[in-house]
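For reference, the structure discussed in these notes is given below.
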Amino acid sequence: MNNPLLQEFNTPYNTAPFEQIKNEHYKPAFEQAIKQARQEIDDITNNAETPTFKNTIKALDFSGHQLSRISSIFFNLNSAETNDEMQKIAQEVSPILTEFSNDVSLNEELFKRVKEVYKQRESLDLTPEELMLLEKKYKGFSRNGANLSDDKKEELRKIDKELSKLSLTFGENVLAETHNYELHITNKEDLSGLPEGAIEDAAQTAKDKNKDGWIFTLDFPSYIPFLTYADNRELRKEMAIAAGKKGFQSNKNNNEKIVLKIVELRAKRAQLLGYNTHAHFVLEERMAESAEKVTEFLEDFLQKAKPKATEQFNQLKEFARKKDGIKDFQKWDGAYYSEKLKQELFDFDEEILKPYFQLENVINGSFEIAKRLYDLCFEEVHNIEKYHKDVKTYKVTNGNGDFIAVYYADFHPRAGKRNGAWKTGYKSQWILDGENSRPHISIVCNFTKPTATKPSLLTFNEVTTLFHEFGHALHGMLANTTYPSLSGTSVSWDFVELPSQVMENWCFEQEALELFAKHYKTGEIIPNELIQKIKKASNFLEGLQTLRQLSFGLLDMAWHGLSPNSFDSGNVIKNVKEFENEAFKSTQLYPDVSENCMSTAFSHIFQGGYSAGYYSYKWAEVLDADAFEYFKETGIFNKETATKFKDFVLSQGGTQKPMELYKQFRGQEPTPNALLKRAGLL
């Protein structure tokens, strides 16, 4: 069989040949690439020469290149353009990949060579980047069981294999639950309060499904406007409960046992490796450094945010009571009355903004800002293969015309695409034999689709989401390191959100908004009066928002702060919902909804890479507010400040400790004051 995944990609910029790949190509490609990667590892291990940085550490970092490209293509598409067959392949190949990964990390001969180089590190005259790579490789082995006895290594293998399958199944169940529900409306009165765009989108969805009326789904561009604007409280309740019980229903997609099993296996794995809990294992290699420090960070923020959050919650409840006589204020009332209160306090309706945020204009705005800050030029090209017709492809160059990156952007929801927004990559950046091999970066979002009468008009929240993911993309595109495993976003998890979150700040600045916020019909630039309203409303109910983020961070730490004996016969956690309620106790303001459970659909921590890491959003907010304060002091398009951010943060990847990089940019460690001030919590 002619397998495009196993041939040299004779495509522009060596991009993935998406249009030639069929599902039957994946498994043979994985098998062949694993075989080749094993051979590369054997070549390093069996090298008769004394271990050196070059023949062991560098060789190891550049090994498995083909396997990593095939994996990135397959697993990225399994999130953005999946189907039943791909999910079946994922279940088959994930354990094989985990086994291979363990074969490398538990390879005694290989570890001996790494250890030998590591022991000599002081006398090797290595660059700071080489030292960092050496340290990460050594820790990668020791933290993944290289020092364990044979029987414990075998136990670790079993745990890892099971975990890889469980997290995949968890994600498949959440996706199935998202697509299994629809709210089918045939009575026009039930649309009362909804914006015209949301109604039109729902009519199109119904038409696509050969049904009359309007269909609303749990995809965010459909679900969020419904919860925010629909006057029919019973239907808001139905939608909110449907979203909240994903993975928590008596059906084949139930995730309760999977959550308990994942948590138990992670705890056992951590103990096997000599750590008290999974959180202790994870956080040793993060900026925060310890589970205790993270808990202290979250609790400290909770003390500052809770009084304000409680005050705002009571204000919202009272507003709903006065406006509509609501005596039992519930979760499905939150977004609806928040929007009404915002309109009343600031004379500000999110819907008024949408005509100024046509998707194409916002994309061009993000490009113009990147040009002014970092000298980047984006040109849409049509000679790069796509995995779906909706994907846009760009060639990125700098001011001198040098090729910087390939950029893919995939903006709208569809069947086979998971909810949310994320940045990923199809190829890393590295330097080898004097050639700087450039990255292929992608962002995937779920924004409001164009309709028969309107282009895609974004909510302001979608605008900030686009800028957030674009910030991650810039971190990948501007990577300029020697080694692939240190490149781009390969940084501590609690540092990775800094470039994305700092980018959101430009969405609130007049100087930036005037570049792209233009009325899609008239071309009129967004009026200053609206910009002032955006700014005034920017920290509206921020206390409540902060409390919500903290609650997720605390739930994550509760699950991953468990030791294995929490699962012994005497103290078994049998009930996911009860455990969750206990974790939420200090942050809970709304009444509990018995049919709903957060954990069973908490993909960030049970499918994504955020286990014991959800706190990093708030942690990075401290960094981003502090960093943007510096931009504001010098000017938001100040070239010197932007160049420092590019040189010390965006281009450096994981070549130095994050705090060192931050201090080189900022001249000092961050303080939380800028964030507390911005959030109105001081």
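Position in the sequence shown (from 1) plus 7 gives the number in my numbering. A virtual CB, placed ideally from N, CA and C, is assigned to each residue, including glycine. Here the structure is a predicted model, which is why all the values come from computation and not from measurement.
Under the three-state reduction of DSSP, which class applies to residue 52: helix, strand or coil? helix
Around the Cβ of residue 310, are there at least 16 other Cβ atoms within 10 angstroms (buried) or fewer (exposed)? exposed
With a Cβ-Cβ cutoff of 8 Å, do residue 564 and residue 301 count as a contact? yes
Spatial neighbours of residue 229 in its chain, beta-carbon cut-off 6 Å, leaving aside the 5 residues before and after: 223
How about residue 152 and residue 117: do their beta carbons lie closer than 8 Å? no
Does the separation of the CB atoms of residue 364 and residue 464 fall below 8 Å? yes
Round the Cβ separation of residue 478 and residue 506 to the nearest angstrom and send it over; I've been treating them as touching at under 8 Å. 5 Å
Proximal residues to residue 80 (C-beta, below 8 Å), its chain only, five neighbours per side dropped: 12, 23, 25, 28, 433
Can you give the beta carbon distance from residue 254 to residue 607, rounded, assuming they're within the 8 Å contact cut? 3 Å
Pair every Cβ in the stretch 238-256 with every Cβ in the stretch 159-170, then say whether three or more of these pairs are closer than 8 Å. no
Please confirm whether any heavy atom of the ligand SAH lies closer than 7 Å to the CB of residue 302. Ligands are entirely absent from the displayed structure, and the ligand SAH is therefore not among its contents.
Exposed unless 16 or more other CB atoms sit within 10 angstroms - verdict on residue 101: buried
Per DSSP, residue 513 is paired with what? In the DSSP output, where bridge partners are listed per residue, residue 513 has none listed.
Which ranges would you report for the alpha helix (DSSP H) in the stretch 624-675 if only whole runs of at least 4 residues count? 646-652, 665-673
Spatial neighbours of residue 522 within its chain, please: CB distance less than 6 Å, with the 5 preceding and 5 following residues excluded, ordered by chain position. 372, 375
Span of the beta strand (DSSP E) holding residue 221? 221-224
Between which two residues does the beta strand (DSSP E) holding residue 696 run? The question about residue 696 has no answer, for the chain in this structure spans 8 to 689.
Cβ neighbours of residue 60 in the same chain (closer than 7 Å, five flanking residues each side left out): 124, 131, 133, 137, 141
Quick one: what's residue 386 bridged to in DSSP? 402
Less than 8 Å separating the beta-carbons of residue 403 and residue 394? no
8 Å contact criterion, which residue 158 and residue 293 should meet: CB distance rounded: So it is not a contact: roughly 30 Å between Cβ atoms.
Residue closest to residue 674, alpha-carbon to alpha-carbon, out of 660, 683, 656: 656
Reducing DSSP to helix, strand and coil, say where residue 37 ends up. helix
Helix, strand or coil for residue 412 per DSSP? strand
Restricting to Cα atoms, I'd like to know which of 361, 240, 491 is closest to residue 461. 361
What is the rounded straight-line gap between the Cα of residue 619 and the Cα of residue 551? 22 Å
Please confirm if the stretch 239-247 is in contact with the stretch 209-222, defined as three or more CB-CB distances below 8 Å between the two stretches. no
When we look at the beta-carbon of residue 184 and count the other beta-carbons within 10 Å, is it buried (16 or more) or exposed? buried
Please go through the same chain and pick out, in chain order, the residues whose beta-carbon is closer than 6 Å to the beta-carbon of residue 641, but skip the five residues on each side of it. 648
Assuming residue 139 contacts residue 493 (C-beta within less than 8 Å), just tell me the rounded distance between them. 6 Å
From what residue to what residue does the beta strand (DSSP E) around residue 443 run? 442-444
Measuring only the C-alpha atoms, how far is residue 342 from residue 111? 49 Å
How do the stretch 234-243 and the stretch 420-430 stand: do at least 3 beta-carbon pairs fall below 8 Å, yes or no? no
Using 8 Å as the cut-off, can you tell me whether the stretch 180-196 makes contact with the stretch 317-333, which would need three or more C-beta pairs spanning the two stretches below that distance? no
Neighbourhood of residue 541 by C-beta, 7 Å cutoff - its chain only, sequence neighbours within 5 removed: 467, 515
Going by beta carbon distance, what residues of the same chain come within less than 7 Å of residue 611, once the five residues before and after it are set aside? 617, 621
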